[in-house]
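**Student:** Take the sequence shown: its position 208, counted from the start at 1, is 442 in my numbering, and no numbers get skipped.
Here's a structure for you.
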Amino acid sequence: MQRTIKIKLVEDNDLIETIRIFSKARQYVNDIGFKKKIFNKNKLNKLTYKKIKKLYPNLPTGLIQTARDVASESIKREKCKRHIKVKEFSSVRLDKRNLRVNLEHKLISISSVNGRKKITFQTHRLIEKYKDWKPIAGMLCYKQKQLYLNLVVEKDSPQINLGGIQVEEDILGIDRGVNNILVCSNNLFYNSKHLKKIKGKYQYLKAVLQKKDTKSAKHHLKLLSGKETRFVSDTNHRLSKWIANSDFKVFVLENLKDMKHKNNGRRFNKRLGSWSFKQFETYLKYKAEERQKLVISVNPKYTSQTCSHCGYKDKLNRKRSNFKCLQCRYELHADLNASRNIAELGKPIFSRLLVNQPIVVPMATTSQLIH
Ligand SMILES: [Zn+2]
């Protein structure tokens with residue numbers, strides 16, 4: 235399993251200059267690739283390497299290669315249709331060739347335009363937590379006059395004992411929506427009133443600031459966006475921790491890709507538009523993994539129209555937040571009904587895992603299987 239941790243670095247002109255030159259090299263590859271409609275790495279290398287070496291003789295070879303790789307990937311993503319403008323300080327992708335980190339001794343060494351830079355850093359709780367993980371890659375960033383290293387660390391996935399899981403008792407279905415952020419198949423509701431209120435407040439303040447075209451307004455807007463991002467992220471951390479710490483061992487979620495299709499975006503109204511369901515899912519997966527629990531995704535098709543009691547499927551079963559089965563007359567909250575269906579859909583998937591796998595499997599294998 236992998237995690238990314240953010241490490242604040244002290245100001246270092248060589249590193250800042252490295253980021254600037256790296257961005258220029260990236261721009262050069264982007265320019266050539268766009269002009270010639272090429273994104274193949276080898277072809278781009280032949281066309282640009284010598285020139286970049288000449289233009290920026292101090293940029294280490296490893297970083298020239300990464301700049302080319304990053305540029306090639308973005309040209310490919312844009313299908314050569316858009317001429318990409320690289321920021322003055324774009325993030326520098328680092329790998330084993332140009333980054334060494336010792337978390338234990340708080341030492342980082344990075345290739346720069348002025349040779350290898352050895353720097354130390356301030357540790358904090360999160361870094362301490364991953365001290366015994368293996369650093370494998372990183373991103374060097376310079377944002378708002380602050381240098382950061384986003385470091386990717388890795389550790390063997392823990393073993394999960396599937397044999398100890400009871401299908402009927404240990405599986406929790408979770409429905410995600412706008413009125414209720416989460417509704418769980420064990421009758422737990424987490425409504426979005428508070429979240430909407432806070433998000434509404436931020437949106438109002440942002441709208442006010444956006445109308446003013448002053449430097450100070452822009453500055454405040456930036457600060458506000460940061461606050462909003464942190465609020466969403468804190469909420470997601472709290473919710474996912476609460477779920478992961480419950481007695482349940484398998485969590486079943488709707489597959490977000492299918493969810494978009496199902497809802498045509500209607501369910502995710504503007505106010506919660508940027509509320510990150512994906513982030514919640516990522517956090518839950520992390521926390522579940524650490525507790526040797528599983529997260530399964532299912533296709534949510536018909537989960538809102540099907541009766542969780544008798545299985546009868548009809549669009550008319552549901553009227554807004556109320557679900558009343560036209561066949562068996564069972565009545566309950568529509569989101570709760572959906573969450574129970576989601577739990578049911580997860581059961582056969584989990585059972586297949588049990589049949590196909592040895593009883594104890596590494597997490598990575600199981601997650602590959604379920605996605
Ligand atoms: Zn029914």
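Each residue gets a CB set at the ideal place from its N, CA and C atoms; glycine is no exception.
Flag His567 as yes when its Cβ comes closer than 6 Å to any non-hydrogen atom of ligand 2, and as no otherwise.
**Tutor:** Of the ligands one can find in the structure shown, namely ligand 1, none is ligand 2.
**Student:** Here's the rule: buried if 16 or more other CB atoms are within 10 angstroms of the residue's CB, otherwise exposed. What is Arg574?
**Tutor:** Your numbering for residue 574 matches position 340 in the sequence shown. By the neighbour-count criterion, in which 16 or more other beta carbons inside 10 Å mark a residue as buried, Arg574 falls on the buried side.
**Student:** Jot down the residue ranges of each uninterrupted beta strand (DSSP E) in the region 330–417, minimum 3 residues, whole runs only, in chain order.
**Tutor:** 333–336, 341–346, 349–354, 368–377, 380–388, 393–395, 405–410
**Student:** Only counting the same chain, and skipping five residues up and downstream in sequence, which positions put a Cβ closer than 6 Å to that of Asn348?
**Tutor:** For the purposes of this step, residue 348 is identified with residue 114 of the sequence shown, where counting begins at 1. Excluding residues within five positions, the ones whose Cβ falls inside 6 Å are Asp248.
**Student:** Suppose the cutoff is 6 Å on Cβ atoms and the five residues either side in sequence are ignored; what does the same chain contact list for Thr300 look like?
**Tutor:** Along the sequence shown, one-based indexing puts residue 300 at 66. Cβ neighbours of Thr300 beyond the five flanking positions: Arg327.
**Student:** Specify the secondary structure class of Phe482 as computed by DSSP and reduced to three states.
**Tutor:** Indexing the sequence shown from 1 puts residue 482 at position 248. Coil, per DSSP.
**Student:** What is the rounded straight-line gap between the Cα of Ser459 and the Cα of His453?
**Tutor:** Here residue 459 is taken as the residue at index 225 of the sequence shown, counted from 1. Here residue 453 is taken as the residue at index 219 of the sequence shown, counted from 1. Each residue's alpha carbon lies about 10 Å from the other.
**Student:** Report yes if the CB atom of Ser531 is closer than 7 Å to the CB atom of Leu570, and no otherwise.
**Tutor:** Taking the first residue of the sequence shown as position 1, residue 531 is located at position 297. Taking the first residue of the sequence shown as position 1, residue 570 is located at position 336. No, Cβ-Cβ distance for Ser531 and Leu570 is not below 7 Å.
**Student:** Count the other C-beta atoms from every protein chain shown that fall within 10 angstroms of the C-beta of Thr537, then say buried if there are 16 or more, exposed otherwise.
**Tutor:** Looking up residue 537 in the sequence shown gives position 303. Counting Cβ neighbours within 10 Å, Thr537 comes out buried, since at least 16 surround it.
**Student:** The beta strand (DSSP E) that contains Ser531, what's its start and end?
**Tutor:** Stepping through the sequence shown from its first residue, residue 531 is reached at position 297. Taken as a continuous stretch (DSSP letters only), the beta strand (DSSP E) holding Ser531 covers 528–532.
**Student:** Spatial neighbours of Tyr517 within its chain, please: C-beta separation below 7 Å, excluding the five flanking residues on both sides.
**Tutor:** For the purposes of this step, residue 517 is taken as residue 283 along the sequence shown, with counting starting at 1. The residues are Asn470, His471, Ser474.
**Student:** Between Ile405 and Phe514, which are expected to be in contact by the criterion C-beta below 8 Å, what is the C-beta distance as a whole number of angstroms?
**Tutor:** Numbered from its first residue, the sequence shown carries residue 405 at position 171. Numbered from its first residue, the sequence shown carries residue 514 at position 280. Incorrect: roughly 18 Å between the Cβ atoms, too far for contact.
**Student:** Mind checking Asn292: buried by the 16 CB within 10 Å criterion, or exposed?
**Tutor:** Numbered from its first residue, the sequence shown carries residue 292 at position 58. Result: exposed.
**Student:** List the whole-angstrom C-beta distance separating Lys512 from Ala478, where the pair is believed to meet the contact cut-off of C-beta under 8 Å.
**Tutor:** For this step, residue 512 is matched to residue 278 along the sequence shown. For this step, residue 478 is matched to residue 244 along the sequence shown. Contact annotation, Lys512 with Ala478: C-beta distance approximately 17 Å; criterion of less than 8 Å not satisfied.
**Student:** Can you name, in chain order, every residue of its own chain whose Cβ lies under 8 Å from the Cβ of Asn489, other than the five neighbours on each side?
**Tutor:** To locate residue 489, count along the sequence shown from 1; it is residue 255. For Asn489, where only same-chain residues beyond five positions count, the Cβ hits under 8 Å are Ser531, Val532, Asn533, Pro534.
**Student:** Select from Gly296, Ala371, Gly267 the residue whose C-alpha is nearest the C-alpha of Thr282.
**Tutor:** As a first step, residue 282 must be located in the sequence shown, where it is residue number 48. Among Gly296, Ala371, Gly267, the Cα nearest to that of Thr282 belongs to Gly267.
**Student:** Compute the Euclidean distance between the alpha carbons of Lys440 and Glu462, then round it to the nearest angstrom.
**Tutor:** If you number the sequence shown from 1, residue 440 lands on position 206. If you number the sequence shown from 1, residue 462 lands on position 228. About 10 Å.
**Student:** When you compare the region 299–313 with the region 269–277, are there three or more beta-carbon pairs, one atom per stretch, that lie closer than 8 Å?
**Tutor:** yes
**Student:** Bridge partners of Asn425, per DSSP?
**Tutor:** For the purposes of this step, residue 425 is taken as the residue at position 191 of the sequence shown. In DSSP, Asn425 forms a bridge with Asn414.
**Student:** Given this structure, state the Cα-to-Cα distance separating Asn651 from Lys547, to the nearest angstrom.
**Tutor:** This structure leaves residue 651 out entirely; the chain is present only between 235 and 605.
**Student:** Would you tell me roughly how many angstroms separate the C-alpha atoms of Lys446 and Leu457, rounded to the nearest one?
**Tutor:** For the purposes of this step, residue 446 is identified with residue 212 of the sequence shown, where counting begins at 1. For the purposes of this step, residue 457 is identified with residue 223 of the sequence shown, where counting begins at 1. Roughly 15 Å between the two C-alpha positions.
**Student:** Tell me which same chain residues have a C-beta within less than 8 Å of the C-beta of Arg254, skipping the five on either side of it?
**Tutor:** Taking the first residue of the sequence shown as 1, we reach residue 254 at position 20. Only Glu322, Phe323 meet the Cβ criterion.
**Student:** What are the start and end residues of each continuous alpha helix (DSSP H) run of 4 or more residues lying completely inside the region 288–333, in chain order?
**Tutor:** 295–311
**Student:** Taking the alpha carbon of Glu565 as the reference point, which residue from Asn414, Gln539, Ile394 has its own alpha carbon closest?
**Tutor:** Within the sequence shown, the letter at position 331 stands for residue 565. Closest by alpha carbon: Gln539.
**Student:** Output the boundary residues of the beta strand (DSSP E) element that contains Lys558.
**Tutor:** Here residue 558 refers to the residue found at position 324 of the sequence shown. 556–558 is the span of the beta strand (DSSP E), which, as asked, contains Lys558.
**Student:** When you compare each of Lys330, Lys270, Trp367, Val466 to Lys431 by their alpha carbons, which one comes out closest?
**Tutor:** Stepping through the sequence shown from its first residue, residue 431 is reached at position 197. The option with the nearest alpha carbon to Lys431 is Val466.
**Student:** Under 7 Å, do Ser343 and Cys375 count as touching if we go by C-beta distance?
**Tutor:** Counting from 1 along the sequence shown, the entry for residue 343 is found at position 109. Counting from 1 along the sequence shown, the entry for residue 375 is found at position 141. Cβ distance not < 7 Å, so Ser343 and Cys375 don't count as in contact.
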